[in-house]
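In the numbering used here, the protein residues as written are 103 to 503.
All residues carry an ideal CB built from backbone N, CA and C; glycine is no exception.
Note that the structure is predicted; figures quoted are calculated from it, not measured.
Since the structure comes first, as structure tokens, the remarks are kept for the end.
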């Protein structure tokens, strides 16, 4: 039986930083422990898991397959048992044994009345549906969580308001699905700094003269500061200090300037520059994942061009959420390549199919995602490697910009 595709999704800490990765598989009932071990090893996930632990749903019988759990270092994984495990004495004993070895085990919580029954010796985490936590857990239930010292994982977080409620009640890991949902109550005022970045992107995409690009930088002090800070950073490695826009643009080159602007559009240009930015990181992860997956679709001669188009498609796929505008209006002001525009607007073409697969995976529509990936002949191993590499790359953005 072929390996199932794996899907990873960031879980957020209370400050909205990426804190862990939720790991699911298409057709979980058919997944075996060996499938996950093979994916973990082949995808090279160990370095990322050492920074952001993997939250892994498992079957109770996997507890007796010592080789599975021992493939992960102690802090690389949190193994989640189904709620029914609480009523199985043998499973509780197995969990307690693994806890004594320092392993992290979570129990899915079906309702608040069972919190007092959860043995601290067997579990150090509880996984709770966010809506259940908000509307069904009583103050006594929440106090019981505090007394038990359980770390808390929230699933199904559908709004910023719900996230903030959970963060205020000390949930350690929360689902990040709300990040891509446009808040209908938020103000729709024009975001002038981001519109400046869009204008710059448009000029770069049209291969405009450097003097036109420089003029936009001169009009926006924050953009100017960010550009000069970038070109004088260790990452760029300029041998002499760069002090002019002309030098900065020449040093970066159009391709690197374009990629920097694609990321910068998601950054807060006026404040909170050092705070976690989950929307920017997700856009970056989409772009990098699609770029890596596109390498499986293109001939070697076309790999760089196809990769650039795929990266652009992924990173621009959240512009409607960011700008609170219809994608059609945004695309009208951006001279994108036709295949990128068709992918973003209509999910057409190879890039459109690839984007649809990524979005389906994020939405937990794993059957659809797996079917789309199969239509592109992207196998589980290549898909997992691309995701892990993309998350590792995007996880470093906040610390490096």
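Cβ shell of residue i (< 8 Å), same chain only, five flanking positions each side left out
i, result
"residue 158", "125, 138, 179, 180, 181, 182"
"residue 345", "330"
"residue 342", "none"
"residue 484", "395, 398"
"residue 372", "Caution is warranted here: a pLDDT of 46 is assigned to residue 372, below 50, making its placement in the model unreliable, and no coordinate value can be reported."
"residue 384", "112, 278, 281, 282, 420, 496"
"residue 150", "123, 490, 493, 494, 497"
"residue 152", "175, 177, 178"
"residue 201", "207, 223, 224, 225, 226"
Cβ shell of residue i (< 7 Å), same chain only, five flanking positions each side left out
i, result
"residue 240", "214"
"residue 235", "256, 268"
"residue 140", "105"
"residue 212", "185"
"residue 216", "188"
"residue 279", "259, 260"
"residue 154", "120, 121, 122, 123, 497"
"residue 319", "325, 326, 329, 347"
"residue 204", "176"
"residue 244", "271"
"residue 167", "135"
"residue 480", "395, 398"
Reduced DSSP secondary structure (H/G/I, E/B, other) of residue i
i, result
"residue 374", "Low confidence applies to residue 374: its pLDDT is 49, below 50, so where it sits in the model is not reliable enough to give any reading."
"residue 367", "coil"
"residue 419", "coil"
"residue 121", "strand"
"residue 335", "coil"
"residue 343", "coil"
"residue 115", "coil"
"residue 190", "coil"
"residue 312", "helix"
"residue 326", "helix"
"residue 269", "helix"
"residue 397", "coil"
"residue 147", "coil"
"residue 220", "coil"
"residue 140", "helix"
"residue 502", "Because residue 502 carries a pLDDT of 48, less than 50, the predicted location of this residue cannot be relied on, and no value is offered for it."
"residue 495", "helix"
"residue 450", "coil"
"residue 169", "helix"
"residue 133", "coil"
"residue 467", "coil"
"residue 436", "coil"
"residue 504", "Nothing can be reported for residue 504: it is not among the residues displayed for the chain, which extend from 103 to 503."
"residue 392", "helix"
"residue 478", "coil"
"residue 317", "helix"
"residue 484", "helix"
"residue 174", "coil"
"residue 413", "helix"
"residue 283", "coil"
Spatial neighbours of residue i in its chain, beta-carbon cut-off 6 Å, leaving aside the 5 residues before and after
i, result
"residue 305", "314, 315"
"residue 463", "109, 471"
"residue 458", "449, 474"
"residue 364", "417"
"residue 423", "282, 284"
"residue 503", "Here residue 503 scores only 46 on pLDDT, less than 50, and its place in the model should not be relied on; the value that follows carries that caveat. The answer is none, since no qualifying residue turns up."
"residue 156", "123, 125, 179"
Beta-bridge partners of residue i, as assigned by DSSP
i, result
"residue 230", "211, 256"
"residue 179", "156"
"residue 276", "114, 256"
"residue 126", "109"
"residue 206", "180"
Nearest-angstrom Cβ-Cβ length linking residue i and residue j, presumed shorter than 8 Å
i, j, result
"residue 121", "residue 275", "5 Å"
"residue 368", "residue 381", "6 Å"
"residue 584", "residue 312", "Past the boundaries of the shown model lies residue 584; the chain is included only from 103 to 503, so the question cannot be answered."
"residue 231", "residue 253", "No, residue 231 and residue 253 are not in contact; Cβ-Cβ is about 16 Å, not under 8 Å."
"residue 411", "residue 433", "Not really, about 14 Å apart at Cβ, beyond 8 Å."
"residue 162", "residue 190", "7 Å"
"residue 392", "residue 456", "6 Å"
"residue 220", "residue 250", "7 Å"
Any non-hydrogen atom of the ligand FMN closer than 6 Å to residue i Cβ
i, result
"residue 154", "Inclusion of the ligand FMN in the displayed structure is not the case, the ligand content being empty and no account of it being possible."
When you compare the stretch 430-441 with the stretch 382-402, are there three or more beta-carbon pairs, one atom per stretch, that lie closer than 8 Å? The stretch 430-441 vs the stretch 382-402: no contact.
Segment contact, 8 Å Cβ cut-off, at least three pairs: the stretch 106-119 with the stretch 374-389: As far as the Cβ criterion goes, the stretch 106-119 touches the stretch 374-389, which means the pair count is three or higher.
Could you tell me whether the stretch 473-489 touches the stretch 380-398, using the rule of 3 or more Cβ pairs below 8 Å? With a cut-off of 8 Å, the stretch 380-398 and the stretch 473-489 count as touching, because enough Cβ pairs lie within range.
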